[in-house]
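Written below as structure tokens is the structure these notes are about.
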Amino acid sequence: MSDGYPTAAQKEALRVICDQEPVPVEQVAERLLSARRSSPNPGYAPAIARMAGTLIWRLQAQGFVTEAGVGRWATTADGRDLIACLGRRS
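In my numbering, each number is its position in the sequence shown, counted from 1, plus 35.
Below, the structure written as structure tokens:
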């Protein structure tokens, strides 16, 4: 987190959530992984999955996402405004 301002990776995760909400963290991880070059390192995919969980936790702490059912995430009005997302409005 950068002094309360979302990082590029956080904004990327927020876009994934806005596009597909409500979305489980595993689906966010899959989209983040598919947007990157593959790696022969066996720890690469698990590291991206952990990163997705951390990004969502930080977005929740900043008020940009909220839990929408068990383990599913949706953007808040502030989150949608941050990335100019035209997803659903609550």
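From the three backbone atoms N, C-alpha and C, an ideal C-beta is built for every residue, glycine too. In this text the structure is predicted, and so the values were computed from the model without any measurement.
A contact is defined here as three or more CB-CB pairs under 8 Å, and the segment 109 to 124 fails this definition with respect to the segment 73 to 87.
Taken through DSSP and simplified to helix, strand or coil, alanine 82 comes out as helix. Look at the beta carbons and you see the segment 84 to 95 touching the segment 46 to 63: at least three pairs across the two are nearer than 8 Å. For glutamate 102, the uninterrupted beta strand (DSSP E) run begins and ends at 100 to 102, by DSSP. Exposed is the label assigned to proline 81, since fewer than 16 other Cβ atoms lie within 10 Å of its Cβ.
Residue Ala84 holds the alpha-carbon nearest to the alpha-carbon of arginine 71 among Phe99, Ala84 and Asp54. Glycine 114 has its alpha-carbon roughly 18 Å from the corresponding atom of glycine 106.
Restricting attention to Asp54, Ala87, Ala43 and Met86, the CA atom closest to the CA of alanine 109 is found in Asp54.
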